[in-house]
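As given, the protein sequences belong to chains A and B, one line each in that order.
To convert, count from 1 in the first sequence and add 156; that's the numbering used here.
To convert, count from 1 in the second sequence and add 433; that's the numbering used here.
Heads up, the beta-carbon is just placed ideally off N, CA and C, and yes, glycines get one too.
None of the values given here were measured: they were computed from a predicted structure.
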Amino acid sequence: MIEQIAKLEKIREAFNQEFERFLDFDANRTFFSLTDAELLKKELSDFRIKKTGKKSEIAGLNRFIGQVEQEHRAEFGKMIQSLSSDVLHAIDSVEKKLDEFILNSKIERERLDVTLPGRRPRVGHLHPITLLRQKIEDIFVSLGYAIEDDREIETDYYNFDALNIPEGHPARESQDTFYTTDGFALRSQTSTVQIRAMERRGAPLRIIAPGRVFRRDTPDMTHTPMFHQIEGLCVDKGITMAHLKGTVHEWLRRLFGKDTEIRLRPSYFPFTEPSAEFDFSCFKCGGTGIFENDRCRPCKGSGWIELGGSGMVHPNVLRACNVDPTVYSGFAFGFGLERMCSLMYSLDDIRLMFENDVRFLDQFR
Amino acid sequence: MLISYNWLQELENNGLSPAELAEKLTSAGLTVEGIDERTDDFIFDIDLTSNRPDCLSHLGVSREVRAAAASDLIVEPHPQEFRESANSSLVKIEAADLCHRFTSRIIKNVKIGPSPDWLKNRLESLGERSINNVADITNYVMLELGQPMHAFDLSKLAQNRIVVRRAKTGETIKTLDEVERKLDDSMLAICDAEKPVAVAGIMGGFDSSISEATTDVLLEVAYFDRASIRATSRTLNLATEASYRFERGVDIENLKRASDRATGLIIELAGGDAAEFVDVYPRRFEAKLIRSNDLSSSVKRLTGLDVSDKEIERILTALGIESRSDEGERVYIAPSWRHDIEIEEDLVEEVARIVGYDKIEDRIPPATSSGSYQPWELRKKSLRQTLANHGFDEAISYSFIDTKHDEVFDLIPGLVDDSITDKFISLRDSIIEGSTRMRPTLLPGLVDAVRVNFNQQNRDLKLFEIGKVFAASRSETGLPTERELLAIAMTGSEMLAEKAFAVRPLDFYDLKGAVEIALDAINIGPLEFQAADCKHLEKGKSASVALDGRVVGYLGFLNSEIAARYKFKQPVMVAELDLQTLLEASETQVFYQPLPKFPAIVRDVSLLINRKVSFFDIKTAIRSKNFELLKKIEYVDVYEGKGVADDERSLTVRLIYRSSERTLLEEEVETVHQKVLTHLGETCNARLRF
């Protein structure tokens, strides 16, 4: 049997020697290209046939079994099997690695850059005033208010008289209000809509009037001669300032979050009595006045942001609209959208609102 | 208004710390905007509303504190009282409508000099410059009691007397600020026997002012008509501490006390003797009376606050509002310093603000009705969102534009009434230079916006605006027509998000597409587009849009004249549509069409046609014949250029044949198809290109 074993070992040795170059691949795979690997795989496949096929030397060993002593035949048979299995195993193992390498190389070759921008049209943006107006309108519609708007050029009656702003009142001076050459006023507040809506609908009513208003302010960082207001009016039996407070609180909570607080401060407006300004707790610092260890910007460190005016509708205003102030009472409030926008977005120059620079417009959504 | 904490404590010692005091005042409506901490005092900066001139003094503020802090420790200054004399020939009021009361005190043998330190310091800490003892005392008493006053050098007054009259037009006066001012007969002047010596309630004259040489002083303490002071102050463009108080209203019943207080201080600090005092009071103060049968329930009715009668009584008394019973009603007497208290609601506010608005509850009114948007808001919302989704940014431009845009743009049909001479609306004056025209078109605003963006190197733009335009009208009220329009501007190339390189240049069909998606979004259509010449649009590159035969707008390339004026180096396209009319039109109704049961046979044909023949003409020609089996004509493509004559284009269309009863055979379609082609040849001179 020794002779046959020597033969077998020779075959094993020859295999090991020839197989070395395939093992080389495993050690040096970083230097391999996909083409190299595919070529190598083909060679390995030929090599497999050569080494394990029917005409291979290993297969030839079977012919020697007969020459081995009877008692050693089984043993020799096992040795052949063992060699055969070692060879197959070695080839399989490299082949598997080659396949893996080829697959990976192919994946790499076709790898996408998923960080490139998605293909989509450039979308436009609604004006920040529109966005804010729509949000606030949605809140009030859900609270049972009707949205109203009306004329932008008005008579003195609707702009002043009906609002209890008498002749000689500073607000009526032409240095504050734009007049047309025909003597009409560009409405200086959306309260004009209150009057027209009350005339149209009578009491009870609940309306929100968003709209464009005009005042003769020279444009600067915080003023423009045209801006937008939102005004609310609720007239019914039994309406009190508590309803004003609750309503203002509710919509500000919906806009700025449930922890938002409000406060009313006594003030003066000709069309309301009692009158109040309303402030809300700063949405940035949460009313502490301090943001990131610094004085909070929107509230100037006070924790409160002054937003608008409000009050109980003056009996003269109700009377002007044929609403009996002994039966009905109502509250009204109003505020400027540009100011609110500039607070919300930390915008320091509101003139940008009407310049229509797309670098500005594209920031809002 | 600057208020000294120490001074308040002298008037009303309530033991509140500066922070507590600031909180009380803010809560009562005297918003403390800031507290300036000085070495020996705290200076409050109080923001006062225009209806509260009574708080333009330390006395006034102390009244508020008394009410708000529920303290009764008032230490009001009790000035020495000085004798009156009967001689009234010294002062004559010739314009009693403008000067309701005038007092004059003569103080003889004073010595003008610097003020003592305490006075200087107090004035300076409140932002007043120290001048001399007498002038400083007038300022001091104004800050203490709220009454502005003026001291004249008696020797400089011709005939030593005062005439209060309207100025004569052409009269001039050199005021204390050494400016020569022209007066007119709308202004009230304090004069001597010859000439104006002060602009009443605003500023004294330079020549009659106190100087070091002055020995005899005439102290004027008066009440002037508020509107008159305001008007004069505006006309002269001169606002002073005095005019600020007079135009808001001072306390007419407080003149004697203020005069006595100043006289006392002058004698104390500048020496001298109190001499003649004249009080001319042609218009006696009449207190306003407010009747209320149950103020407590009125407070409840308007504010929801429960405030007892006793507490109401305390608050109003502290504020100086006395009351008495009269036939079962309470009658409240508005004090002479409160010009703002006229009706019961005013009293309710007094009570509520002192009790504190923070005591008012938070309630939502019970629901009584469902909410609603403006009639077209939801469609406009969809319109805006659709345009934004297609890359359009929303612009908002000023409603007033430059008159140079007049007659440059064709306006929306029906906006302007040509029978009116001044068909546009103009402002009396402008704030933005040249912008006196209320815009009859949105386009100038958008074209300006294009310019603004070009200046910032943004050359690929899609903008839209929805807004009102204005025109004169013959309506009953004379009020102008206001109409809501939609305008679109486009220029440059179609862009992808986050991609620097353009997809392709925008052309007319992008603009038309934008108009179509916009109107699709509000469910309006079909629209009819026709070639149309338009003042502001390039000829041959413009169209009108009509709905049911009515032209509702124009679109196309901005013409080269306007483009040149704006220095545009690339084509800009614009569209303007009468949004209001479109929204008023009835929305498209949708009805289900049964789905076809049998397959269609499709023929694409390329037709050579003259450039004057439109796709619309081809469609119309085919529709007019009502060809059997032909269900639809679709646009495929247009080719112009090589192989096609200059005055022609090749239009490829798809003809779709279908029967609702059976599967069609090629031959029967071919028969109809040939008829269609022959018809197009006859009517449109269209030939097959291939």
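Closer than 7 Å: residue i CB and nearest the ligand ATP heavy atom
i	result
residue 883 (chain B)	The model on display carries no ligand, and the ligand ATP is accordingly not part of it.
Contact with chain B by residue i, beta-carbon distance below 8 Å
i	result
residue 454 (chain A)	no
residue 315 (chain A)	no
residue 401 (chain A)	yes
residue 436 (chain A)	no
residue 390 (chain A)	yes
residue 485 (chain A)	yes
residue 511 (chain A)	yes
residue 546 (chain A)	Because chain A here runs from 157 to 521, residue 546 (chain A) falls outside it and cannot be looked at.
residue 378 (chain A)	no
Own chain partners of residue i with C-beta closer than 7 Å, once the 5 adjacent residues on each side are dropped
i	result
residue 926 (chain B)	893, 935, 936, 937, 938 and 939
residue 228 (chain A)	157
residue 929 (chain B)	936
residue 1105 (chain B)	1060, 1061, 1062, 1063 and 1090
residue 605 (chain B)	613, 614, 615 and 616
residue 462 (chain A)	433 and 435
Residues near residue i by beta carbon distance below 6 Å, same chain, minus five either side
i	result
residue 1040 (chain B)	1084 and 1119
residue 524 (chain B)	535, 537, 595, 711 and 713
residue 460 (chain B)	789
residue 961 (chain B)	979
Beta-carbon proximity list for residue i, same chain, < 8 Å, skipping 5 on both sides
i	result
residue 644 (chain B)	545 and 586
residue 1086 (chain B)	1037, 1038, 1040, 1048, 1051, 1066, 1067, 1068 and 1069
residue 588 (chain B)	647, 648 and 649
Three-state class that DSSP yields for residue i in the structure shown
i	result
residue 496 (chain A)	helix
residue 389 (chain A)	strand
residue 536 (chain B)	strand
residue 315 (chain A)	helix
residue 1072 (chain B)	strand
residue 228 (chain A)	helix
residue 281 (chain A)	coil
residue 607 (chain B)	strand
residue 768 (chain B)	coil
Cutoff 8 Å: residue i Cβ touching any chain A Cβ
i	result
residue 889 (chain B)	yes
residue 782 (chain B)	yes
residue 745 (chain B)	no
residue 790 (chain B)	yes
residue 778 (chain B)	yes
residue 915 (chain B)	yes
residue 439 (chain B)	no
residue 684 (chain B)	no
residue 762 (chain B)	no
Under 7 Å from the C-beta of residue i: neighbouring residues of chain B
i	result
residue 270 (chain A)	Near residue 270 (chain A) there are no residues of chain B at all, since even the closest Cβ is about 14 Å away, more than 7 Å.
residue 432 (chain A)	790
residue 324 (chain A)	660
Closer than 7 Å at the beta carbon, the chain E residues around residue i
i	result
residue 301 (chain A)	Protein chains A and B are contained in the structure displayed, whereas chain E is not.
Amino acids of chain B, ordered along the chain, whose beta-carbon sits closer than 9 Å to that of residue i
i	result
residue 177 (chain A)	Those do not exist, as residue 177 (chain A) stays about 49 Å from chain B at its closest Cβ, beyond 9 Å.
Chain-ordered neighbours of residue i on chain A, where CB pairs are closer than 8 Å
i	result
residue 895 (chain B)	280
residue 910 (chain B)	311
residue 999 (chain B)	Correct list: empty, because the minimum Cβ distance to chain A is about 14 Å.
residue 930 (chain B)	273, 274, 276, 277, 278 and 279
residue 832 (chain B)	308, 342, 368, 370 and 382
Interface partners of residue i on chain A, CB under 7 Å
i	result
residue 859 (chain B)	336 and 337
residue 826 (chain B)	280, 281, 514, 517 and 518
residue 464 (chain B)	421
Using Cβ-Cβ distances below 9 Å, what residues of the region 802-824 of chain B are close to chain A? 802, 803, 804, 805, 806, 807, 810, 814, 817, 818, 820, 821, 822, 823 and 824
Please identify, using Cβ separations under 7 Å, the residues of the region 330-360 of chain A that lie next to chain B, in order along the chain.
334, 335, 336, 337, 338, 340 and 360
Exercise for review: Could you list the residues in the region 449-461 of chain B with a C-beta less than 8 Å from some C-beta on chain A, going in chain order?
Suggested key: 459, 460 and 461
Chain B contacts made by the region 406-429 of chain A, where a contact means CB separation under 8 Å
406, 419, 420, 421, 422, 423, 424 and 429
Could you list the residues in the region 278-300 of chain A with a C-beta less than 7 Å from some C-beta on chain B, going in chain order?
278, 279, 280, 281, 282, 283, 285, 286, 290, 293, 296, 297, 298, 299 and 300
Could you run through the region 481-497 of chain B and flag, in chain order, every residue whose CB is less than 8 Å away from some CB of chain A? 482, 483, 484 and 485
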